[in-house]
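The structure appears right after this line, and notes come after that.
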Amino acid sequence: MSNLRMDLWTVLTAAIRNAIKSVIGGTAPKPAATACVATPTDAPTAGTGFDPRQLSRARLLGELLAPMPPIGSGELSQACDASLPLALPAALEAGITRRLLAARELLCRDMLTDLQGRPVMDSPKQLAEWLRLHCAGLDYEVFLVIYLNSQHRLITVEQLFRGTLTQVSVYPREVLKQALAHGAAALALAHNHPSGGLEPSMADQRITQQLKTSLALIDVRVIDHFIVAAEGHYSFAEHGLI
1 MSNLRMDLWT
11 VLTAAIRNAI
21 KSVIGGTAPK
31 PAATACVATP
41 TDAPTAGTGF
51 DPRQLSRARL
61 LGELLAPMPP
71 IGSGELSQAC
81 DASLPLALPA
91 ALEAGITRRL
101 LAARELLCRD
111 MLTDLQGRPV
121 MDSPKQLAEW
131 LRLHCAGLDY
141 EVFLVIYLNS
151 QHRLITVEQL
161 FRGTLTQVSV
171 YPREVLKQAL
181 AHGAAALALA
191 HNHPSGGLEP
201 SMADQRITQQ
211 LKTSLALIDV
221 RVIDHFIVAA
231 EGHYSFAEHG
241 LI
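Numbering (the UniProt record's numbering), first residue to last: 1 to 242.
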């Protein structure tokens with residue numbers, strides 16, 4: 001491999017590593033689409049026209065293995081300049097973004113497949129990690145319901161509601177209707193805090209109790225409510241709030 005290729009690989013590796021750190025740390029631009037669980041209100045990733053949710057596994061792997069656009073030595077030198085950490089050429093940055101989105105979607109699908117049919121509350125941390133990957137990086141709140149059978153095995157996950165940066169409206173009637181439609185015996189709730197912070201608000205606690213009371217009328221238990229953000233997750237059950 002030539003020195004130019006070695007240098008390019010170094011730049012790409014560093015860029016991907018930094019981008020992943022930024023995503024985890026919540027400092028990267030937030031994608032407008034969720035991964036794994038699509039809803040009719042979700043749109044393709046803003047500014048890219050690239051929606052990894054619509055691609056097969058083979059297509060996603062193809063995105064990861066596709067050749068990167070050529071880069072000149074001058075552009076490479078600019079990209080290597082430590083004082084300009086974001087000075088990657090536009091085509092190269094777009095290529096890295098597509099690969100990150102494809103990798104994120106593949107990981108998200110595999111994690112959800114691994115949870116499917118299992119008593120997920122035996123390992124709530126794994127479910128929380130999937131939730132964090134799914135929605136912690138969004139710049140709007142979403143509300144998800146994890147439907148479980150009587151052994152607390154995963155039936156499916158649905159994103160029922162989408163809101164704004166600071167709130168999401170939750171309609172108990174819709175949650176009850178979907179719980180019955182999926183034949184759920186129990187469920188867990190989840191939503192994200194795009195602005196950061198994991199402590200539940202009074203509104204979070206009120207809707208949790210309201211849903212718990214309403215679902216009890218149809219013999220469906222609410223066993224947890226997760227809040228996820230860039231820095232981690234909060235479990236209502238672990239803190240005695242369920």
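Glycine included, each C-beta is placed from N, C-alpha and C at the ideal position.
Annotated as proximal: Gln178 and Val145, with beta-carbon spacing under 9 Å. Membership of Ile155 in the beta strand (DSSP E) is indicated by the continuous run Leu154 to Arg162. Rounded to whole angstroms, the separation of the alpha carbons of Ser169 and Arg162 is 8 Å. Separation of Leu154 and Leu148 (C-alpha to C-alpha, rounded to the nearest whole angstrom) is 5 Å.
Pairing Leu215 with Val175 gives a Cβ-Cβ distance under 9 Å. Each residue's CA atom was taken as its position, placing Phe236 and Pro124 some 12 Å apart. By the Cβ test, the segment 51-66 is in contact with the segment 99-116, since at least three Cβ pairs between them sit closer than 8 Å. Annotation: His225 is outside any alpha helix (DSSP H); the continuous beta strand (DSSP E) that includes it extends over Arg221 to Ala229.
In the displayed model, His191 falls within a strand according to three-state DSSP.
Taking a cut-off of 8 Å on C-beta distances, the segment 106-120 does not touch the segment 88-98, as fewer than three cross pairs fall below it. Under DSSP, Ala186 forms a beta bridge with Leu148 and Arg221. Closest in alpha carbon position to Thr164, among Ala230, Pro194, His182 and Leu198, is Pro194. Ala186 is positioned such that its CB atom lies closer than 9 Å to that of Val220. The beta carbons of Phe50 and Leu131 sit no closer together than 9 Å. Counting along the chain, Ser214 sits inside no beta strand (DSSP E); it lies in the alpha helix (DSSP H) bounded by residues Met202 to Ala216. Within the model, the alpha-carbon separation for Ser201 versus Ala66 is close to 45 Å.
Excluding five sequence positions before and after Met68, the CB atoms of its chain that fall closer than 6 Å to its own CB belong to Gly95, given in chain order. Residue nearest to Ala229 within the set Arg173, Leu133 and Leu64 is Leu133 (criterion: CA-CA distance).
Beta-bridge annotation (DSSP): Gly232 is paired with Ala229.
Under DSSP, Phe143 takes part in a beta bridge, and its partners are Phe161 and His191. For Pro70, the three-state secondary structure derived from DSSP is coil.
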